[in-house]
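*Asks:* Numbering (my numbering), first residue to last: 35 to 370. Virtual Cβ for every residue (Gly too), placed ideally from N, Cα, C. Keep in mind the model is a prediction, meaning the values are calculated, not measured. Supplied in structure tokens, the structure appears directly below.
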């Protein structure tokens, strides 16, 4: 009888602890509660003095009105939920200063469990302080040369904030080696290709249909541009496709069951981030509930042109953003 009583007490105590932990986890990490608007960090906000080049305008003219959108009304402000995260992929090679090879603005709405991705071409023409009109991926290298890696991050964050006229709350920065290692750690990426894809530098062609990529091949896939009909736009689509595949891989049971060591591995493969462990747990929770139609993708509208670059002293190809068209999308990436 006593043994049974002790067993019941132990079982009841365990149940109480599990309930307590469940309540604590919900209050602490449930995405809608964890990412409270009033507690979100704001790393950068748009600088009003910076003008943007408008697609369709003569090169060199500014379209300040497009860079300074009207302030949202009080009713609109109440609808601005979620936060923005900037994903930066740098082309680090040894001790060289690095440019951003990947720039992706990610808007997350924790309440509605929705994620929206915006690919920003690395050749996007923007105005940088002290330089003039140049490519947006030069922001990181200029900041890094001046004051180190974190200054490069800050410069890239500010350049994207100015371009998109939006606040940015979080960032994740990785390099080629980190991406490759992490893909291998989670078991590779599974993709569905509509057409065969030739990987120029790997001298390999991926067949149409379902393919499984290891870290090295996945890196070639997200960097490939030369063989794609759409060039850089095609590469951006591949990057978004790879990110979706990575999210799906993280949601596999074997990875969800090892979320704590996985978070440690994520940190090992990142160059830098301001996300804390609790933030990563909450994002994993959100990703678990993410439905297919709740993950959407946009490309920065604009057109390709050639113009003189004051930084490299040569004529270069640029992606000139269409700020009038961007204004139609901007509200989807606005936060309080």
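(1) Short check: CB of residue 150 to CB of residue 137, under 8 Å?
(2) For residue 334 versus residue 208, is the C-beta spacing smaller than 8 Å?
(3) Look at the alpha carbon of residue 153 and the alpha carbon of residue 346, and state the distance between them as a whole number of angstroms.
(4) Applying the criterion that 16 or more other CB atoms from any shown protein chain within 10 Å of the CB defines a buried residue, is residue 235 buried or exposed?
(5) Should residue 79 go down as buried or exposed, given a rule of 16 or more other Cβ atoms within 10 Å for buried?
(6) DSSP three-state label for residue 194, please.
(7) Tell me, which residues are paired with residue 140 by DSSP?
(8) Where does residue 234 sit, in a helix, a strand or coil, going by DSSP?
(9) What do you get for residue 119, buried or exposed, if any count of 16 or more other CB atoms within 10 angstroms of its CB means buried?
(10) Just verifying my parser: in three-state terms, what is the DSSP assignment at residue 71?
(11) Report, in whole angstroms, the separation of the C-beta atoms of residue 324 and residue 203, which I expect to be a contact under 8 Å.
(12) Please go through the same chain and pick out, in chain order, the residues whose beta-carbon is closer than 7 Å to the beta-carbon of residue 274, but skip the five residues on each side of it.
(13) Which class does residue 267 belong to by DSSP, given the choice of helix, strand or coil?
(14) In the DSSP assignment, find the unbroken beta strand (DSSP E) run with residue 337 in it and report its ends.
(15) Check each candidate in 258, 249, 212 and name the one with the smallest Cα separation from residue 239.
(16) In whole angstroms, give me the CA-to-CA distance for residue 312 and residue 279.
(17) Using 8 Å for Cβ pairs, my map puts residue 212 next to residue 304. What's the rounded Cβ distance?
(18) With residue 132 and residue 165 assumed to form a contact (beta carbons below 8 Å), what rounded beta-carbon distance in angstroms separates them?
(19) Quick one: which unbroken beta strand (DSSP E) runs of 3-plus residues sit fully inside the region 159-187? Chain order, please.
(20) Under 8 Å between the Cβ atoms of residue 205 and residue 308?
(21) Could you pull the start and end residues of the alpha helix (DSSP H) that residue 212 belongs to?
(22) On the premise that residue 269 lies in contact with residue 262, defined as a C-beta separation below 8 Å, what is that separation, rounded to the nearest angstrom?
(23) In the DSSP assignment, the beta strand (DSSP E) including residue 318 goes from what residue to what residue?
(24) What distance in whole Å lies between the Cβ atoms of residue 226 and residue 244, which are believed to be in contact at a cut-off of 8 Å?
*Replies:* In this structure, then:
(1) Indexing the chain shown from 1 puts residue 150 at position 116. Indexing the chain shown from 1 puts residue 137 at position 103. Contact flag unset, no.
(2) Sequence index remark: in the chain shown, residue 334 carries index 300 (1-based). Sequence index remark: in the chain shown, residue 208 carries index 174 (1-based). Going by C-beta atoms, residue 334 is not nearer than 8 Å to residue 208.
(3) Walking along the chain shown from the start, residue 153 turns up at place 119. Walking along the chain shown from the start, residue 346 turns up at place 312. Rounded to the nearest angstrom, the two C-alpha atoms are 24 Å apart.
(4) Indexing the chain shown from 1 puts residue 235 at position 201. The residue in question, residue 235, is exposed, as its Cβ has fewer than 16 Cβ neighbours within 10 Å.
(5) Residue 79 sits at position 45 when you count from the first residue of the chain shown. Residue 79 comes out exposed.
(6) Numbered from 1 along the chain shown, position 160 holds the residue referred to as residue 194. Helix.
(7) As a position in the chain shown, residue 140 is number 106, starting the count at 1. Bridge partners of residue 140: 119, 151.
(8) By one-based count along the chain shown, residue 234 stands at place 200. Coil at residue 234, not helix or strand.
(9) As a position in the chain shown, residue 119 is number 85, starting the count at 1. Residue 119 is buried by the Cβ-count criterion.
(10) Within the chain shown, the letter at position 37 stands for residue 71. It is helical.
(11) Walking along the chain shown from the start, residue 324 turns up at place 290. Walking along the chain shown from the start, residue 203 turns up at place 169. Contact flag wrong, Cβ pair sits at about 19 Å.
(12) What you label residue 274 is simply residue 240 of the chain shown in a count that begins at 1. Excluding residues within five positions, the ones whose Cβ falls inside 7 Å are 151, 153, 331.
(13) In the chain shown, the residue the question calls residue 267 occupies position 233. Helix at residue 267.
(14) The sequence position of residue 337 within the chain shown is 303, counting from 1. First-last of the beta strand (DSSP E) with residue 337: 336-343.
(15) One-based indexing of the chain shown puts residue 239 at position 205. When each option's Cα is compared against that of residue 239, the closest is 258.
(16) Position 278 of the chain shown, counted from the first residue, corresponds to residue 312. Position 245 of the chain shown, counted from the first residue, corresponds to residue 279. If you take the alpha carbons of residue 312 and residue 279, they lie about 23 Å apart.
(17) Taking the chain shown and counting its residues from 1, one reaches residue 212 at position 178. Taking the chain shown and counting its residues from 1, one reaches residue 304 at position 270. Contact holds; Cβ gap of about 6 Å.
(18) Taking the first residue of the chain shown as 1, we reach residue 132 at position 98. Taking the first residue of the chain shown as 1, we reach residue 165 at position 131. At roughly 17 Å, the Cβ-Cβ gap does not stay under 8 Å, so residue 132 and residue 165 are not in contact.
(19) 159-162, 166-169
(20) Here the question's residue 205 lines up with position 171 in the chain shown. Here the question's residue 308 lines up with position 274 in the chain shown. A contact, by the Cβ cut-off of 8 Å.
(21) Mapped onto the chain shown, residue 212 falls at position 178. That run of the alpha helix (DSSP H) goes 210-219.
(22) Position 228 of the chain shown, counted from the first residue, corresponds to residue 262. Position 235 of the chain shown, counted from the first residue, corresponds to residue 269. Residue 262 to residue 269, Cβ: 6 Å. Contact.
(23) Stepping through the chain shown from its first residue, residue 318 is reached at position 284. Premise fails: residue 318 lies in the alpha helix (DSSP H), 311-322, not in any beta strand (DSSP E).
(24) As a first step, residue 244 is located in the chain shown; it is residue number 210 there, counting from the start. As a first step, residue 226 is located in the chain shown; it is residue number 192 there, counting from the start. About 6 Å; that satisfies the 8 Å criterion.
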